[in-house]
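For any residue, its number in this note's numbering is found by taking its place in the sequence shown, counting from 1, and adding 21.
Okay, so here's the structure we're looking at.
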Amino acid sequence: MIKGTGVSVGIGIGNIMRVEEHYLEYTPKQVTDTDREIKRFHDATDVFCKNTEIQADILKSSVGADESEIMLGHITIAKDPFLIDEVDKLIKTGQCAEAAFESMCDMFIQIFSAAENDITRQRAADVRDVKSGVLGILLGINEVVLSNVPSNTVICVKELTPSMMAGIKKENISGIITETGGTASHSAILARVLEIPAVMSVPDIMSIAENGERVVIDGSKGEVILSPDDDTLEIYRQKREKFFRELRELEEYRGKPTVSADGIKYELVCNIGKSEDAAKVLECDGEGAGLFRTEFLFMDKTSAPTEEEQFNEYRKAAIILKGKPLIIRTLDIGGDKDIPYLALGKEDNPFMGFRAIRYCLKNRELFRIQLRAILRASAFGNVSIMFPLVTCAEEVRQGKALVEELKAELSSQGIEYDKNIRVGIMTETAAAGVISDILAKESDFFSIGTNDLTGYTMSADRGNSNVSYLYSALQPSVLRMIRSIISSARQQNIPVGMCGEAAADPLMIPLLISFGLTEFSVSASSVLKVRKSIAGWTKQKADEVTKTVMGLSTESEIREYLKTVI
Ligand code: PEP
Ligand code: MG
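Below, the structure written as structure tokens:
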């Protein structure tokens, strides 16, 4: 099995069709009639734009207007006045149209490829696509056409371009494997829209895979199995059947409110790690974002993002979510999340060390910058602030005092923000669980972080395989913590959500309904699954199951019992 990046879910079974790159080779020559050469270049871009318009039309009718915009974007690149002007100038120096156009495109590709931002980097692929399209026309070489491939084809290509995708007949394509590209590439977006399983960034696949070879791909896990044996093939056929069956059933829940069988309404929101994920929330029918893990903005960098950079990122998420809730968690570093430039230092026990809210309260400038950015973004949507790893009331008070100080500062500077912004906390430590009655009086809302709560309650590191048998949110101790946190929130009349992985566990859902959870925050891809699961329970039935569960003594007894009632 070869591992790549799963970018479009589903199981694909079929035969490999290698799509070889066209070698757009030519020998650069000096031209003397430069006017004629400029005309040849302009004619080629005209033909390219006309062809692309046709492809965009095909895409519009087969997939949708938004996706055809990707192709129309290629026309914008080909018609870019700066690009055309510079190519014309190079031709006037005597370069042939091919060489002039290629060198200008390469310059753009280099600039885009060097960008820090993933989306901008992916735009290099679009310019590459335009480059080979126009060069192909200048050289009289036809483009790769994927409209006439046999059924059960799994396309295998070094880099898949949006224009290759435009011609695709989805009925015949069982899957896509590429050697380069990632989740944010236009081709990955199109694969998802076309619902074709796809695995990208599969190392050396073009050197290994052979034409006609049988292949199985798992687009959720990013797995590729070449020449599977009969048993493996059968396993994946069954997985594919199950995938389709579940998908059909889940579609029923799209666009519906999240309600239990007896009509109790719940909030079903998503966990995100960057502003672009907010679009995925809407795509997957999430009702907002219950956890924005901001530490990802601080990783892969050599210094902390500025207030402006953070503001732009938070504002973008708020705008995309169009007034739907967006809970931004302040920097949660330490433990397993190191950020070298913050110099956290080596600690004997980093999970119990100088981290998250503890670090932020001591590094006030860093905290101020982040809180100012969040407050400013709150003018653009329905934003809340959430502190991670709270263990005592002082931390909440100090954090909230700083928020108040910054609100006054922004007011005096005439900068807009949401004056009623809610400030809540993650209840994810054993201490927070035990004093949840006290913390509920200090907070506007709770969000239960079961990933850490399980670890801190069971004294079992979330990443240590030797103690993983203890690490379960279904442990009686963890369930009592969760019950107590929810009960404290309800007594204080504040909303209580869960953003740890347990919120999407079908075994956990009846218990959460019975305890009185009000919000579930899950990964975008789990939204419909969780909505369906909630719809299967009445409060009364959930209470009966929970009563039995809370009378059991071990995790395995609880798990086995729950499996019988799901
Ligand atoms: C949690 O601890 O449950 C949580 C949601 O936060 P993280 O996984 O980022 O620690
Ligand atoms: Mg946590």
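Glycine is no exception: its CB is placed at the ideal position from the N, C-alpha and C atoms.
Here D306 carries a coil assignment [DSSP, helix/strand/coil]. Taking C-beta separations shorter than 6 Å and ignoring five residues to either side along the sequence, the partners of I390 in its chain run E328, following chain order. Around the beta carbon of S489, fewer than 16 other beta carbons sit within 10 angstroms, so the residue counts as exposed.
According to the DSSP secondary-structure assignment, M447 is paired through a beta bridge with S468. For L431, the enclosing alpha helix (DSSP H) has its first and last residue at A414 to S433. Just measuring C-alpha positions, the residue of S168, D64 and I349 sitting nearest V40 is S168. Judged by DSSP in its simplified three-state form, S124 adopts helix.
Going by beta carbons, K81 and Y274 fall outside the 9 Å limit.
Excluding its 5 nearest sequence neighbours in each direction, E416 has C-beta neighbours in its own chain below 6 Å: I378, listed in chain order. Taking non-hydrogen atoms of ligand 1 into account, the C-beta of M221 is found less than 8 Å away from none of them.
Spanning the alpha carbons of A282 and D473 requires a straight line of approximately 31 Å. A distance criterion of 8 Å places the beta-carbon of N292 beyond contact range of ligand 2, judged by its closest non-hydrogen atom.
I349 is the residue among I349, Y44 and D109 whose C-alpha sits nearest the C-alpha of R393. Relative to ligand 1, the nearest heavy atom lies less than 8 Å away from the CB of E449. A distance of 9 Å or more separates the beta carbons of Y335 and L160.
Rounded to whole angstroms, M519 and S464 show a C-alpha spacing of 15 Å. If you look at L549, you'll find it in the alpha helix (DSSP H) that goes V548 to A556. DSSP, read as helix, strand or coil, puts D78 in helix. T575 and T450 have their C-alpha atoms some 21 Å from each other. Residue state for A219 is assigned as strand, using DSSP reduced to three classes. In this chain, C520 is not harboured by any alpha helix (DSSP H), its DSSP state being neither H nor E. Runs of alpha helix (DSSP H) with 4 or more residues, each lying fully within the region 253-322, are found at 298-304 and 316-319, listed in chain order. Remark: C-beta atoms of I360 and F319 approach each other more closely than 9 Å. G355 has its Cβ no nearer than 8 Å to any heavy atom of ligand 2. Look at the beta carbons and you see the region 286-298 touching the region 307-326: at least three pairs across the two are nearer than 8 Å. Cα atoms of L104 and E200: separation of roughly 29 Å, rounded to the nearest angstrom. Measuring C-alpha to C-alpha distances from G276 to each of R397, P249, D252 and C305 identifies C305 as the nearest.
Distances taken from the Cβ of L312 to the heavy atoms of ligand 1 include one shorter than 8 Å.
Exposure of R269 is indicated by the presence of fewer than 16 other C-beta atoms within 10 angstroms of its C-beta. Take A136, set aside five residues on each side of it, and the residues of its chain with a beta-carbon closer than 6 Å to its own are R142, in chain order.
For V40, the pairing in a beta bridge is given by DSSP as V178. Excluding five sequence positions before and after S498, the CB atoms of its chain that fall closer than 7 Å to its own CB belong to T478 and M479, given in chain order. K428 places its beta carbon 9 Å or farther from that of I446. With respect to the 9 Å criterion, M186 and S172 are not classified as neighbours on the basis of their beta carbons. Contact check for K179 against E216 fails: the beta carbons are separated by 9 Å or more. The beta carbon of I75 is closer than 6 Å to none in its chain, skipping five residues each way along the sequence.
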